[in-house]
Amino acid sequence: MDGLTPDFKFEPKHYKSDVNPIWCPGCGHYGVQAAINRAFAELQLDPAKVVVVSGIGCSSRIPAYTTCYGFHGLHGRALPLAIGLKLARPDLTVLVAGGDGDGFSIGGNHFLHACRRNVDLTYVVMDNEVYGMTKGQPSPTTGPDWDSELQPGGTGISAFRPLGVALQSGANFIARGFSGDLNGLTKLIVQGIKHPGFSFIHALSPCITFRPEEREWKNLTHSAGTGPTSEFNEASRRLAEDDGLTTGLVYVGDRRPYAPPVAPLVDTRTDLSQIVAEFRI
Amino acid sequence: MTQFTSAADTVSVAITGSGGAGAITAGSLLLEAAGRAGWYGLMTRTVGPQIRGGEAAALVRLARRGVSGLGDRFDVLIALDWRNVERFVAEIPLGPQSVVLACEDAGDIPEKIAASGALSLTAPFTKLAEDIRGARPNIIALGTAAALVGLPEQAMVETVAATLADKGVSLEDTGQAIRAGYDIGLQLAAGHGAVAALRLAEEAGTGAGSDRWLITGNQAAGLGALRGGIRFAAMYPITPATDMLEWIAPRFGAVGGVLCQAEDEIAAINMAIGASYGGVPALTATSGPGLALKLESIGLSVAAEVPLVIFNVMRGGPSTGIPTKSEQTDLNVALYGLHGEAPHVVVAPLSVEDCIFTTQWAVHLAESLQTAAFVLSDQFLGQAKAVIDRPAETDLGTVRLKPTDPQAGAYKRYALTNSGVSPMAIPGMPGGQYTADGLEHNERGTPSSQADDHHSQLDKRNNKLEGFEYGDAWAEIEGDADAEIGLVTWGSTTAPVREAVARARAQGFKVRLVALRLLAPTRPALLAEALKGVKRLLVVEQSHSGQFLGYLKAHYDLPAPPQSLRHPGPLAIRPAEVCDVLRSWS
Chain A
8 MDGLTPDFKF
18 EPKHYKSDVN
28 PIWCPGCGHY
38 GVQAAINRAF
48 AELQLDPAKV
58 VVVSGIGCSS
68 RIPAYTTCYG
78 FHGLHGRALP
88 LAIGLKLARP
98 DLTVLVAGGD
108 GDGFSIGGNH
118 FLHACRRNVD
128 LTYVVMDNEV
138 YGMTKGQPSP
148 TTGPDWDSEL
158 QPGGTGISAF
168 RPLGVALQSG
178 ANFIARGFSG
188 DLNGLTKLIV
198 QGIKHPGFSF
208 IHALSPCITF
218 RPEEREWKNL
228 THSAGTGPTS
238 EFNEASRRLA
248 EDDGLTTGLV
258 YVGDRRPYAP
268 PVAPLVDTRT
278 DLSQIVAEFR
288 I
Chain B
4 MTQFTSAADT
14 VSVAITGSGG
24 AGAITAGSLL
34 LEAAGRAGWY
44 GLMTRTVGPQ
54 IRGGEAAALV
64 RLARRGVSGL
74 GDRFDVLIAL
84 DWRNVERFVA
94 EIPLGPQSVV
104 LACEDAGDIP
114 EKIAASGALS
124 LTAPFTKLAE
134 DIRGARPNII
144 ALGTAAALVG
154 LPEQAMVETV
164 AATLADKGVS
174 LEDTGQAIRA
184 GYDIGLQLAA
194 GHGAVAALRL
204 AEEAGTGAGS
214 DRWLITGNQA
224 AGLGALRGGI
234 RFAAMYPITP
244 ATDMLEWIAP
254 RFGAVGGVLC
264 QAEDEIAAIN
274 MAIGASYGGV
284 PALTATSGPG
294 LALKLESIGL
304 SVAAEVPLVI
314 FNVMRGGPST
324 GIPTKSEQTD
334 LNVALYGLHG
344 EAPHVVVAPL
354 SVEDCIFTTQ
364 WAVHLAESLQ
374 TAAFVLSDQF
384 LGQAKAVIDR
394 PAETDLGTVR
404 LKPTDPQAGA
414 YKRYALTNSG
424 VSPMAIPGMP
434 GGQYTADGLE
444 HNERGTPSSQ
454 ADDHHSQLDK
464 RNNKLEGFEY
474 GDAWAEIEGD
484 ADAEIGLVTW
494 GSTTAPVREA
504 VARARAQGFK
514 VRLVALRLLA
524 PTRPALLAEA
534 LKGVKRLLVV
544 EQSHSGQFLG
554 YLKAHYDLPA
564 PPQSLRHPGP
574 LAIRPAEVCD
584 VLRSWS
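The listed protein sequences derive, respectively, from chains A and B. Take the first sequence: its letter number 174 is residue 181 in this note's numbering, and every next letter is one higher. Take the second sequence: its letter number 151 is residue 154 in this note's numbering, and every next letter is one higher.
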């Protein structure tokens, strides 16, 4: 930001843009947005050096609601776009945000490989167990019996379990927060951004329009009550017993983040004479 | 620029064998030795899909002067064995003047090959190889090939020795193997007039002593990409594009670049878009099936105005098609495959050598115009290896327009400017924060579904491409200014058409050739000018349906109703096919 005085401190409001969200009043995503802004402020991140990348869906509208750089890309493709950006510009803080359909269904393959690749990103998935923007179809995290117009009587398919999949895919930072628990979610996002490598934060975020019963999450979510484990088997055990509403940091591993051998240099060493010489007969 | 070559100046050698027999190795070494001896040449390959144990043919054309395509037929076919040869016999046309030389234990000459009327001979490649340490039949055959075409024995020995030294074969043993094969060749030439006629005539004007390169089209494109400033690349492995980035990967270390092998085609292109958004010129490489998967993302690059190069090496399609063989049939998808209205750039290299310039130009256009630029290469160009004169270096620069001092709140990423290009802030620039968006947006980048924003942004994205000055590079125009016969072609088909034009002109025809390098945006006024005075028009392409013909008819005012000469891959367009049409017109 221009004209900052030496004692200037970023506050959450400095990350909030003047664009009005399309979200319904009471949507959980407001809480996630507030937690992200608070986390940025806590870390005193310069908005010009932060990029918020998203896909498509209600929650993926979030980049324009920040004062950071943003990329509102394609449905399901936020992670690879963010990975390309971070590999090209390791100096930037890159936060990826999106929903359950975007991240686990159309973008499912990218989720597996982002966990595996371990590039230094923070991925916040706002899970409301429904496709909201298209007016209420079941998502991969929707339970099998949820009745909808497209799938009367339910899908009959058990819900996707993102934390377990993340663990098995090699993710090194796995957490769950709740949009209604601003302090808890803010803390997880701060830890996620600080964590070197890929950090996955599953943020339960009710859709009050198509899943009004999710209002009850404020009474049903509960803290794990224990700190994170760095033991894979222990994390597996905890996630096997997980009821899907347990919040907190589950697992932190120490796998090295993926970084390319050299960072790209633009407009600098353009002398290709050595390379060209190899073609000479 | 590659010179015209008439058939008499060249000799075409096909070396075939089952996978592992070393046909491709022999072909490569023959080309390299020819290069060392001061000759020019080109080698393309035709292989089956098998990793090992399939069939393979090295198709080599040698000349004293530059050569950029295949000839009408092969002068000599050397068969290490006959296994599976029927799978590509159609790609190796032979005539009564041709010579077929098979290993003597290969069995009977296949009927289809015998039917060509070629002189059929045998040689003891396997038997000789058994008696020489480290020798293999393909190396003996290579010695014979060198003798047949008149390549100095020494150049052949040096080239092979340099390669076999890594495998522990001594110079003496290599020399003995080549000499054994060479002697067979000399004996055959002494005994058969048709064999003696294979020898390329001695003449002045070889490239000996000049600065010449041995390069494949995919390597050339890699060099063009580096020269253009590409410093990020991502891809999912796909034939026949992979070797382009396999060439770049180890060289990125030297220039400062990052290559990422993605989990799929869509991830690859989105990685490239992310890197480019971050200010690093980026490319993704693919082939037809991968291109189809990338289309939605290319639309994002156009809408969000993020510079991007899509390097597409065409192969036979649709679906998985013929992955290892060439066809010019991704033209329609490159031109029309994007949903909505998404103006973008499509360019195509016209020769192996031109892969350098055209790819570099694509980077320049993508960066200058903040849009997606396709390069349509093909398997023939990409995997052909050629001896060329050192190409001229072109400095196009990389010119992405950036704001100098963007002011937070006032900066408009998608500002409506006269040129249509608006300064693009790069993350890290204070005050330049904006959200790149595939949603339609207003000048600030805020999503908008309003009619006037949609209309003005469509105008902007179209006008920046239409108003750009593309210079002379849009096409290569050759031949007679007063010609009444015109030929229009594109891509790898340019080489045989060029050769046909040269032959026709040598016979007194007045002919003009326009080979389009810039396919989108279309330049109808320039083509009309280039074809002024033309009364008969021939359009040449390697496709079944005539995609290029349809494109020309749709977008250009042609001076005469076009006649189409076309067939699908993997059969190459031959110069004689073009000459036959021209002759029929006289």
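Glycine included, every Cβ here is placed at the ideal spot set by N, Cα and C.
Return the first residue and the last residue of the beta strand (DSSP E) that residue i is part of.
i: residue 314/B; result: 311-317
i: residue 258/A; result: 253-259
i: residue 583/B; result: Residue 583/B -> not in any beta strand (DSSP E); alpha helix (DSSP H) instead, spanning 578-588.
i: residue 285/B; result: 285-289
i: residue 105/B; result: 102-106
i: residue 308/B; result: It is not in any beta strand (DSSP E) - residue 308/B carries neither H nor E in the DSSP assignment.
So, with DSSP's three-state summary, where would you put residue i?
i: residue 414/B; result: coil
i: residue 219/A; result: helix
i: residue 129/B; result: helix
i: residue 79/A; result: strand
i: residue 595/B; result: Absent from the model: residue 595/B. The displayed extent of chain B is 4 to 589, so no value can be given.
i: residue 654/B; result: Because chain B is modelled from 4 through 589, residue 654/B falls outside the range shown and cannot be assessed.
i: residue 532/B; result: helix
i: residue 12/B; result: helix
i: residue 7/B; result: In this predicted model, residue 7/B has a pLDDT of only 38, less than 50, meaning its place in the structure is not dependable enough to derive any value.
i: residue 8/A; result: Because residue 8/A carries a pLDDT of 48, less than 50, the predicted location of this residue cannot be relied on, and no value is offered for it.
i: residue 158/B; result: helix
i: residue 472/B; result: coil
i: residue 114/A; result: coil
i: residue 280/B; result: helix
i: residue 100/A; result: strand
i: residue 353/B; result: coil
i: residue 561/B; result: coil
i: residue 106/A; result: strand
i: residue 129/A; result: strand
i: residue 325/B; result: strand
i: residue 279/A; result: coil
Verify whether the separation of the beta carbon atoms of residue i and residue j is less than 8 Å.
i: residue 160/B; j: residue 181/B; result: yes
i: residue 3/B; j: residue 300/B; result: Not covered by the structure: residue 3/B. The range shown for chain B is 4 to 589.
i: residue 427/B; j: residue 403/B; result: yes
i: residue 646/B; j: residue 228/B; result: Nothing can be reported for residue 646/B: it is not among the residues displayed for chain B, which extend from 4 to 589.
i: residue 581/B; j: residue 500/B; result: yes
i: residue 135/A; j: residue 212/A; result: yes
i: residue 234/B; j: residue 272/A; result: yes
i: residue 442/B; j: residue 375/B; result: no
i: residue 109/A; j: residue 67/A; result: yes
i: residue 14/B; j: residue 73/B; result: no
i: residue 125/B; j: residue 60/B; result: no
Just list the residues that DSSP pairs residue i with in beta bridges.
i: residue 153/A; result: Answer is none; residue 153/A lacks a bridge partner.
i: residue 348/B; result: 376/B
i: residue 479/B; result: 518/B
i: residue 382/B; result: DSSP, once it has assigned bridges, lists no residue as partnering residue 382/B.
i: residue 23/A; result: 73/A
i: residue 124/B; result: 104/B
By the DSSP assignment, the alpha helix (DSSP H) with residue i in it spans what residues?
i: residue 370/B; result: 357-372
i: residue 265/A; result: Where residue 265/A is concerned, there is no enclosing alpha helix (DSSP H), given that its DSSP letter is neither H nor E.
i: residue 566/B; result: Careful: residue 566/B lies outside any alpha helix (DSSP H), inside the beta strand (DSSP E) at 565-569.
i: residue 147/B; result: 140-152
i: residue 339/B; result: 334-339
i: residue 238/A; result: Premise fails: residue 238/A is in no alpha helix (DSSP H) and is neither H nor E.
Legend entry - Residue ranges of each alpha helix (DSSP H) within the segment 481-513 of chain B, 4 or longer: Segments of the alpha helix (DSSP H) lying fully in the segment 481-513 of chain B: 497-509.
Inset, instruction - Run through the segment 168-211 of chain A for me and flag every whole alpha helix (DSSP H) of 4 or more residues, listed as ranges in chain order. - result: Counting only unbroken stretches of 4 or more residues, the alpha helix (DSSP H) elements lying wholly within the segment 168-211 of chain A are 169-176, 189-201, in sequence order.
Inset, instruction - For the segment 185-271 of chain B, list the alpha helix (DSSP H) runs that are entirely contained and at least 4 residues long, ordered along the chain. - result: Entirely contained in the segment 185-271 of chain B, the alpha helix (DSSP H) runs reaching 4 residues are, in chain order, 196-199, 220-231, 245-258.
Legend entry - Length-filtered (4 minimum) alpha helix (DSSP H) runs lying within the segment 19-97 of chain B: Qualifying alpha helix (DSSP H) stretches, in chain order: 26-39.
Inset, instruction - Write down every uninterrupted run of the alpha helix (DSSP H) in the segment 30-92 of chain A whose length is 4 residues or greater and which is fully enclosed by it, in chain order. - result: Look at the segment 30-92 of chain A and you find these whole runs of alpha helix (DSSP H), each 4 residues long or longer: 36-49.
Inset, instruction - Ignoring anything shorter than 3 residues or poking outside the segment 389-463 of chain B, list the beta strand (DSSP E) runs there in chain order. - result: Segments of the beta strand (DSSP E) lying fully in the segment 389-463 of chain B: 438-440.
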